[in-house]
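Trainee:
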Amino acid sequence: MVENLKRQMRNGVAHFAFVKKNGEFREAWGTTSAALAAKHTNGNGECREQFATTAYFDVEAGSWRSFRWENLIAVY
Numbered sequence: 338m339v340e341n342l343k344r345q346m347r348n349g350v351a352h353f354a355f356v357k358k359n360g361e362f363r364e365a366w367g368t369t370s371a372a373l374a375a376k377h378t379n380g381n382g383e384c385r386e387q388f389a390t391t392a393y394f395d396v397e398a399g400s401w402r403s404f405r406w407e408n409l410i411a412v413y
């Protein structure tokens, strides 16, 4: 499910749900597409893969977020 979501986010905006660190349910619309998030990317930071998380640009909030793979509930 995680690989499917990452593929969808590379190609455009994906709709998915996960459980936040504090236990809240979160439904999100996000992308990692360079064409859509390039102006919000500065190239700094660590690769999230080593922490079993994925960073994504939240198109509703207009900022970067991340989630833990084990907390992913659904990809719509």
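In my numbering, the protein residues as written are 338 to 413.
Even glycine gets a Cβ: it sits at the ideal position worked out from N, Cα and C.
1. Would you mind listing the alpha helix (DSSP H) stretches within the segment 381 to 413 that are 4+ residues and don't spill past its ends, in chain order?
2. Go through its chain and collect everything with a Cβ distance to Phe362's Cβ below 7 Å, but skip five positions before and after it.
3. Look at the alpha carbon of Phe394 and the alpha carbon of Val412, and state the distance between them as a whole number of angstroms.
4. Buried or exposed: where does Ala371 fall if 16 or more other Cβ atoms within 10 Å of its Cβ makes it buried?
5. For the beta strand (DSSP E) that Glu364 lies in, which residues bound it at each end?
Mentor: Once the coordinates are examined:
1. None, since the segment 381 to 413 contains no complete alpha helix (DSSP H) of that length.
2. Excluding sequence positions up to five before and after Phe362, its CB lies within less than 7 Å of the CB of Ala354 and Val356, all in the same chain and listed in chain order.
3. Cα to Cα, the separation comes out at about 16 Å.
4. Under this definition Ala371 is an exposed residue.
5. According to the DSSP assignment, Glu364 belongs to the beta strand (DSSP E) that extends over Phe362 to Thr368.
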